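What follows is one structure encoded as structure tokens, with my remarks underneath.
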């Protein structure tokens with residue numbers, strides 16, 4: 097894929113900057129694959145950029161480039177050097193600069209996905225960095241995870257329950273997991289997703305399109321899901337094998 101390919105996207109009434117969508121969730125839930133799925137489905141319609149976050153690696157950015165879903169130069173990595181949640185909530189400077197540089201270098205971009213590094217259920221983005229956020233769980237993580245709550249699960253703009261095709265293989269009742277998720281979100285949307293089920297991918301793309309339409313029209317107001325809960329960081333060199341950490 098190159099930037100010289102024809103596109104069907106409309107340039108009328110373009111906003112002054114891209115719609116920025118944060119993607120958070122625990123390790124292994126499929127944040128990167130969800131972004132790849134969205135890029136693959138929407139790249140002929142929108143100009144998209146991606147920022148990935150992790151502590152000491154650009155592994156997620158390299159994965160996305162290897163998938164060929166975007167021109168590789170529109171996928172950039174932020175190596176935070178510390179808890180990646182800090183860089184999406186407490187001090188967003190390095191991510192905000194990365195997003196603004198990407199928008200400047202490839203203007204106009206329609207969408208920028210900012211992927212959080214993941215290690216627990218507590219991550220939330222600052223609304224000063226992104227316009228909306230989706231939180232990704234996966235069926236293989238256990239059917240009870242959706243009931244555990246937290247600001248991301250409860251109050252992100254969209255909760256994605258990923259890998260629903262794996263339910264029969266990991267003894268998870270997917271319908272019950274989705275029902276539990278909806279019960280804890282007070283009417284906020286929940287989407288069961290499998291990249292192998294095109295109808296679910298279409299629903300996710302429709303959510304992004306609707307969000308961008310409301311962003312264009314000035315009808316979308318970023319909301320703050322609330323601060324991250326105190327959480328444990330594993331550290332072999334620390335007493336007790338790790339430490340508790342808060343973002344208050």
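In this note's numbering, the protein residues as written are 97 to 344. Even glycine gets a Cβ: it sits at the ideal position worked out from N, Cα and C. Predicted model, so just to flag it, every value in this text is computed and none were measured.
Do residue i and residue j have their CB atoms nearer than 7 Å?
{"i": "residue 254", "j": "residue 217", "result": "no"}
{"i": "residue 239", "j": "residue 273", "result": "yes"}
{"i": "residue 145", "j": "residue 232", "result": "no"}
{"i": "residue 173", "j": "residue 201", "result": "no"}
{"i": "residue 126", "j": "residue 226", "result": "no"}
{"i": "residue 228", "j": "residue 181", "result": "no"}
{"i": "residue 114", "j": "residue 262", "result": "no"}
{"i": "residue 276", "j": "residue 243", "result": "yes"}
{"i": "residue 256", "j": "residue 289", "result": "yes"}
{"i": "residue 159", "j": "residue 128", "result": "yes"}
Considering only C-alpha positions, which residue in the set the options is nearest to residue i?
{"i": "residue 156", "options": "291, 187 and 131", "result": "131"}
{"i": "residue 150", "options": "116, 143 and 191", "result": "191"}
{"i": "residue 204", "options": "212, 195 and 276", "result": "195"}
{"i": "residue 136", "options": "166, 317, 162 and 311", "result": "166"}
{"i": "residue 319", "options": "296, 250 and 234", "result": "250"}
{"i": "residue 124", "options": "242, 152, 139 and 235", "result": "235"}
{"i": "residue 317", "options": "224, 199, 214 and 187", "result": "224"}
{"i": "residue 134", "options": "302, 322, 310 and 321", "result": "302"}
{"i": "residue 212", "options": "176, 199 and 193", "result": "176"}
{"i": "residue 280", "options": "152, 187, 214 and 252", "result": "252"}
{"i": "residue 322", "options": "164, 162 and 186", "result": "186"}
Between the C-alpha atoms of residue i and residue j, what's the straight-line distance to the nearest angstrom?
{"i": "residue 245", "j": "residue 278", "result": "11 Å"}
{"i": "residue 105", "j": "residue 184", "result": "Note that residue 105 scores a pLDDT of 43, beneath 50, so its modelled location is shaky and nothing firm can be said."}
{"i": "residue 148", "j": "residue 271", "result": "31 Å"}
{"i": "residue 286", "j": "residue 197", "result": "32 Å"}
{"i": "residue 313", "j": "residue 258", "result": "30 Å"}
{"i": "residue 179", "j": "residue 315", "result": "33 Å"}
{"i": "residue 308", "j": "residue 210", "result": "15 Å"}
{"i": "residue 189", "j": "residue 264", "result": "43 Å"}
{"i": "residue 170", "j": "residue 143", "result": "9 Å"}
{"i": "residue 221", "j": "residue 141", "result": "26 Å"}
{"i": "residue 193", "j": "residue 296", "result": "33 Å"}
{"i": "residue 292", "j": "residue 304", "result": "19 Å"}
{"i": "residue 339", "j": "residue 311", "result": "Bear in mind that the predicted position of residue 339 carries a pLDDT of just 48, short of 50, making it too unreliable to give a figure here."}
{"i": "residue 266", "j": "residue 116", "result": "34 Å"}
{"i": "residue 284", "j": "residue 214", "result": "22 Å"}
{"i": "residue 294", "j": "residue 152", "result": "34 Å"}
{"i": "residue 282", "j": "residue 260", "result": "22 Å"}
{"i": "residue 164", "j": "residue 237", "result": "28 Å"}
{"i": "residue 241", "j": "residue 162", "result": "30 Å"}
Mind checking who residue i pairs with in its DSSP beta bridge?
{"i": "residue 258", "result": "234 and 289"}
{"i": "residue 153", "result": "According to DSSP, which records beta bridges pairwise, residue 153 is partnered with nothing at all."}
{"i": "residue 116", "result": "208"}
{"i": "residue 228", "result": "117"}
{"i": "residue 130", "result": "Paired residue(s): none; residue 130 is not in a bridge."}
{"i": "residue 148", "result": "173 and 211"}
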